[in-house]
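J.: Got a structure for you, questions after.
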């Protein structure tokens, strides 16, 4: 699943298409759900947070070029 996430980020970087960005976030959400073992623990959100930051950085970099 990590390979799919990495590929989705690469695809978004190449296309900058919103559908590809949403794909990155969907995969990140699936990975984060795997990290949730018990309902009493706070929700794991590393991949969603990181994906949002990466996509924003990619967009910002493209705007500055």
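Residue numbers (our numbering): 12 to 76.
The C-beta atom is built at its ideal place from N, Cα and C for all residues, glycine as well.
Predicted, not measured: the structure shown is a model, and the values here were computed from it.
Classify residue 45 as helix, strand or coil using the three-state DSSP reduction.
T.: It is helical.
J.: Would you call residue 15 buried or exposed, if buried means 16 or more other Cβ atoms sit within 10 Å of its Cβ?
T.: Result: exposed.
J.: Figure out for me which residue from 34, 13 and 54 has the closest Cα to the Cα of residue 22.
T.: Comparing Cα positions, the closest option is 34.
J.: Could you check whether residue 27 and residue 73 sit closer than 8 Å to each other, using their CB atoms as the reference points?
T.: Yes. Within cutoff.
J.: Residue 31 by DSSP, collapsed to three states: which one?
T.: Residue 31 falls in the helix class under three-state DSSP.
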